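**Q**
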Amino acid sequence: MIDSYPLQWPSAWPRTEYPKSAKFKTPFSYARDQLLIELDRLGATDVVISRNMMVRQDGLLYAKQRMPDDRGVAVYFTLNDEQQCIPCDKWLHVHDNLQAIRLTVEALRSLERWGAKEMVNAAFRGFKALPAEAIITPFTAKPWHEVLEVSPTASRETIRAAYRSMLMKHHPDHGGSAGEFQTVQRAYEQAASAVGGEA
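Okay, structure coming up:
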């Protein structure tokens with residue numbers, strides 16, 4: 001599983017204009033862990049959870065993060081050799097949108113268990129709306145310091161400066177690609193964890 005920051009919303013999927021308050025009251029880490037269990041039971045692989053909040057190595061959200069303006073979540077995965085995406089931005093909080101996706105997968109699994117497999121297939125045909133630019137390429141296996149082009153023992157200030165520089169260099173608006181941009185984001189998350197907090 002890959003945690004992807006920032007959010008990569010499938011461009012063909014409409015956005016919710018006025019998100020609502022949900023009553024799930026489910027923590028982010030629990031919703032994510034249960035979603036991964038449901039996807040595994042479904043037979044999904046190559047799972048990518050994309051959202052606008054950074055996640056630590058232990059799966060918890062970094063503290064002191066500002067609530068993002070865009071609180072949507074998009075979950076990408078492969079099922080039966082086809083790439084799928086289930087996005088949700090109906091709710092006001094990231095963890096509620098993640099929980100809604102988990103409940104959606106759980107409901108689809110229930111249909112499959114009850115013998116309505118064609119309904120499940122039809123549902124996933126609807127979710128299969130992944131333009132090439134929206135598909136998230138898995139991150140490279142390079143260590144974070146190689147991606148950011150710094151020493152493994154670099155100071156927080158050096159890491160932060162390198163991160164900002166690499167973001168500008170690989171931003172899609174400046175000629176970079178979404179995959180490269182994601183790689184830089186992931187490297188910064190790993191750097192933050194390696195130096196014991198936000199770099």
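Those letters in the sequence shown? Residues 1 to 199, by UniProt numbering. Cβ coordinates follow ideal geometry from the N, Cα and C atoms, glycine included. Given the structure is predicted, the values throughout are model-derived calculations rather than measurements.
(1) So, with DSSP's three-state summary, where would you put Ser165?
(2) Measure the C-alpha to C-alpha separation of Arg156 and Glu112 and round it to an integer number of angstroms.
(3) Run through DSSP, which three-state label would Val150 get?
(4) Would DSSP call Val55 helix, strand or coil?
(5) Here's the rule I'm using: 16 or more other beta-carbon atoms within 10 Å means buried, otherwise exposed. How should His174 be labelled?
(6) Assign Arg51 to buried or exposed, taking buried as 16 or more other Cβ atoms, counted over all protein chains shown, within 10 Å of its Cβ.
(7) Might you give, ordered along the chain, the residues of its own chain that have their beta carbon closer than 6 Å to the beta carbon of Trp144, omitting 5 neighbours on each side?
(8) Rounding to the nearest angstrom, what Cα-Cα distance links Ala162 and Pro87 in this structure?
(9) For a test of the three-state rule: what should DSSP assign to residue 248, helix, strand or coil?
(10) The beta strand (DSSP E) spanning Asp3 covers which residue range?
(11) Return helix, strand or coil for Glu180, following the three-state DSSP convention.
(12) Would Thr153 be called buried (16 or more neighbouring beta carbons within 10 Å of its own) or exposed?
(13) Which of the three DSSP states is assigned to Thr26 in this structure?
(14) Give me the Cα-Cα distance between Gln83 and Phe77, rounded to the nearest whole angstrom.
(15) Which residues does DSSP list as the beta-bridge partners of Pro87?
**A** Here's the rundown:
(1) Helix, per DSSP.
(2) It is roughly 49 Å from the alpha-carbon of Arg156 to the alpha-carbon of Glu112.
(3) Of the three classes helix, strand and coil, the one that applies to Val150 here is coil, per DSSP.
(4) Assignment of Val55 by DSSP, reduced to helix, strand and coil, places it in the strand class.
(5) Flag for His174 reads exposed.
(6) So Arg51 ends up on the buried side.
(7) Answer for Trp144: Ala187, Gln190, Ala191, listed in chain order.
(8) If I take the Cα positions, the gap works out to 32 Å.
(9) There is no way to answer for residue 248, as the model of the chain reaches only from 1 to 199.
(10) Bounds of the beta strand (DSSP E) holding Asp3 are 2-4.
(11) Glu180 carries a helical assignment under DSSP once its states are collapsed to helix, strand and coil.
(12) Under the 10 Å beta carbon count, Thr153 is surrounded by fewer than 16 other beta carbons and is classified as exposed.
(13) Residue state, collapsed to three classes: coil.
(14) Each residue's alpha carbon lies about 6 Å from the other.
(15) Ala74, per the DSSP bridge assignment.
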